[in-house]
Amino acid sequence: MSSDCRDFTGDWDYRLLPANVRIGHDCWFERKESFARFRSEQPTGLHFGDRVRVYTWTTFNVEPGGSIEVGDDSILVGAVFMCARSIHIGRGVIISYHVTIADSDFHPVDPDERRRDAVANSPSGDRQKRPDFTSEPVVIEDDVRIGIGAIILKGVRVGAGAEIGAGAVVTRDVPLGCIVHGNPAREQ
Amino acid sequence: MARESLPHDWFDRPLPVGVRLGERSWLYSSFAFLHCKSRQPSPVAAGRDSGIYNGTFFDLGPRGTVILGNHCSIVGAIFCTNRRIKIGNFVFISHEVVLADEDAPHPWQANESDEVHGDPTEDGIVIEDDVWIGAQATILGHLRIGAGAIIGAAAVVRENVPPLSICAGNPGRVVGYVKRKSR
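Line by line, the protein sequences give chains U and R.
Each residue of the first sequence is one higher than the last, beginning at 154 in the working numbering.
Each residue of the second sequence is one higher than the last, beginning at 5 in the working numbering.
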């Protein structure tokens, strides 16, 4: 069995993407599967600046109400985006392997509501009946570097030039130029 | 030099020139070299009886190489380096493990010069014999993991790990030692 190499080398036809995905000049997307869970119904669900590179492990899981913006010259290696409303990535940002960025917890805290969510979310369930979940925008400013396996949770703003260490779990804002490590992420 | 292909490969590419696999060693696919930009004579050299399984990637920079010993099992690790990573014999490396030079690495591009940091004769990460690395662990920088050591799942290791120790957590710390039953 031999596969179509184009799927894995960024040579596939980007025009296959939905109309609400806007792509700048000289962007490169390794695999179309990155967009398999893109369900945004917003006028612009995904907006890439110029020269953005997106590697095979990255996925854009975007809910109907969500939109993601990625600035010029950013490199997304293994960024898993879980987006209910808004995730903003600045310019020159590097997101390394196995990173997760989520702007919502996607499930209610209350156990009874969560049980309703579990039923509505089952394969034969009615997703319209899912209880509301809260979302707080995530903003990653310019030139941030996000280390291997880091997790960025809802409502977090990471200031320009900050560095998120490998394996860090970021639950609060990270000031400009700050270096944070650990779970929960703290300045060293 | 002829470029070799794997008989069982689903990915329609030959192996990079100079990749060596010892007797009875198994590599799942040339897909492992999707981002390999190594310009070294032998980007990856594996000994005999080693298995390199699904999900493993050699995202090597122009100066990067990986030397793998005998009887190793690599079950989906990512090697992202512009240095030399040396793995001993009888080593287990689990799922989603990343071995890299720095916290936030990315694959090299074809047009990047090999002037960038890195020396083909410099060892970056050295993993000695009988090491066991748990799932999602991250091994960073310039360090040595001593023979027989165990790295816990999701540990982030930035410093040398002594032989026969158990290292876990983020940051990775020695949390115990193992004793050999024999010897």
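All C-beta atoms in this analysis are idealised placements derived from N, C-alpha and C, irrespective of residue type, glycine included.
In this text, all values refer to a predicted model and were calculated from it rather than measured experimentally.
Which of helix, strand or coil does DSSP assign to residue i?
| i | result |
| --- | --- |
| lysine 282 (chain U) | helix |
| leucine 134 (chain U) | Missing from the structure shown is residue 134 (chain U); chain U here goes from 154 to 341 and no further. |
| valine 182 (chain R) | coil |
| phenylalanine 188 (chain U) | helix |
| phenylalanine 15 (chain R) | coil |
| phenylalanine 83 (chain R) | strand |
| aspartate 160 (chain U) | helix |
| alanine 153 (chain R) | coil |
| serine 34 (chain R) | helix |
| arginine 52 (chain R) | coil |
| glutamate 183 (chain U) | coil |
| aspartate 63 (chain R) | strand |
| glutamate 216 (chain U) | coil |
| valine 174 (chain U) | strand |
| aspartate 127 (chain R) | strand |
| arginine 268 (chain U) | helix |
| alanine 172 (chain R) | strand |
| alanine 255 (chain U) | strand |
| alanine 273 (chain U) | helix |
| tryptophan 210 (chain U) | coil |
| valine 327 (chain U) | strand |
Express the C-alpha separation of residue j and residue i in angstroms, rounding to a whole number.
| i | j | result |
| --- | --- | --- |
| serine 42 (chain R) | glycine 163 (chain U) | 20 Å |
| phenylalanine 259 (chain U) | arginine 192 (chain U) | 15 Å |
| glutamine 341 (chain U) | leucine 306 (chain U) | 20 Å |
| arginine 325 (chain U) | glycine 318 (chain U) | 14 Å |
| proline 337 (chain U) | arginine 148 (chain R) | 27 Å |
| aspartate 16 (chain R) | serine 34 (chain R) | 8 Å |
| arginine 168 (chain U) | arginine 175 (chain U) | 10 Å |
| histidine 12 (chain R) | cysteine 158 (chain U) | 16 Å |
| serine 277 (chain U) | aspartate 270 (chain U) | 13 Å |
| valine 23 (chain R) | glycine 51 (chain R) | 11 Å |
| proline 167 (chain R) | glycine 335 (chain U) | 25 Å |
| isoleucine 352 (chain U) | aspartate 160 (chain U) | Any property of residue 352 (chain U) remains undetermined from this structure, which presents chain U solely from 154 to 341. |
| glycine 73 (chain R) | glycine 26 (chain R) | 9 Å |
| threonine 142 (chain R) | isoleucine 129 (chain R) | 12 Å |
| glycine 152 (chain R) | arginine 67 (chain R) | 29 Å |
| serine 54 (chain R) | isoleucine 91 (chain R) | 11 Å |
| alanine 157 (chain R) | asparagine 93 (chain R) | 21 Å |
| glutamate 294 (chain U) | asparagine 86 (chain R) | 28 Å |
| asparagine 115 (chain R) | phenylalanine 83 (chain R) | 20 Å |
For residue i, collect the residues of the same chain with a Cβ closer than 6 Å to its Cβ; drop the 5 residues on either side in sequence, then sort them by chain order.
| i | result |
| --- | --- |
| tryptophan 136 (chain R) | Phe96 and Ile154 |
| glycine 176 (chain R) | Ala159, Val160 and Val161 |
| lysine 183 (chain R) | none |
| glycine 202 (chain U) | Gly177, Gly224 and Asp225 |
| valine 178 (chain R) | Ser169 and Cys171 |
| proline 20 (chain R) | Phe37, Cys40 and Pro47 |
| lysine 185 (chain U) | Trp165 |
| serine 9 (chain R) | Pro18 |
| arginine 310 (chain U) | Val292 and Asp326 |
| tyrosine 181 (chain R) | Leu168 and Ser169 |
Return the chain-ordered list of same chain residues with a C-beta closer than 8 Å to the C-beta of residue i, the five sequence neighbours on each side being excluded.
| i | result |
| --- | --- |
| glycine 330 (chain U) | Gly312, Ala313, Gly314 and Ala315 |
| valine 215 (chain U) | Arg190, Phe191, Arg192, Ser193, Gly198, Leu199, Ile221, Phe234 and Cys236 |
| glutamine 113 (chain R) | Lys41 |
| aspartate 296 (chain U) | Gly243, Arg244, Gly245, Val246, Ala313 and Gly314 |
Leaving aside the five residues before and after residue i along the sequence, list all residues of the same chain whose C-beta is less than 7 Å from its C-beta, in chain order.
| i | result |
| --- | --- |
| serine 249 (chain U) | Val230, Gly231, Ile299, Gly300 and Ile301 |
| leucine 170 (chain U) | Phe188 |
| methionine 154 (chain U) | Note that methionine 154 (chain U) scores 43 on pLDDT, short of 50, meaning its location in the model is unreliable; the coordinates nonetheless yield the value given after this. Within the same chain, methionine 154 (chain U) has no close Cβ partners at all. |
Under 6 Å from any heavy atom of the ligand GDP, does the C-beta of residue i make it?
| i | result |
| --- | --- |
| proline 45 (chain R) | In the structure on display, the ligand GDP does not appear, and there are no ligands present to speak of. |
*Closer than 9 Å, Cβ to any Cβ of chain R: which residues of the stretch 157-169 of chain U, in chain order?*
Asp157, Cys158, Phe161 and Thr162
*Members of the stretch 75-106 of chain R near chain U, C-beta cut-off 9 Å*: Ile82, Cys84, Glu100, Val102, Ala104 and Glu106
_Tell me which residues of the stretch 222-247 of chain U have at least one Cβ-Cβ distance to chain R shorter than 8 Å, keeping chain order._
Ile228, Val230 and Ile247
*asked:* Does the structure place the stretch 99-113 of chain R close enough to the stretch 254-268 of chain U that three or more beta carbon pairs sit under 8 Å?
replied: no
_Contact list for the stretch 322-341 of chain U against chain R, Cβ threshold 8 Å_ = His334, Gly335 and Asn336
*asked:* At a CB distance below 7 Å, what residues from the stretch 135-151 of chain R approach chain U? Give them in sequence order.
replied: Gln140, Thr142 and Leu144
*Members of the stretch 276-303 of chain U that neighbour chain R once the beta carbon cut-off is set at 8 Å*: Arg298, Ile299, Gly300, Ile301 and Gly302
*If you measure beta-carbon to beta-carbon, which residues of the stretch 17-36 of chain R are closer than 8 Å to chain U?*
Arg17 and Phe35
*Below 9 Å between beta carbons is the criterion; list the residues of the stretch 152-163 of chain R that meet it against any residue of chain U, in chain order.*
Ala158, Ala159, Val160 and Arg162
*Residues of the stretch 167-180 of chain R with Cβ closer than 8 Å to any Cβ of chain U, in chain order*: Asn174 and Pro175
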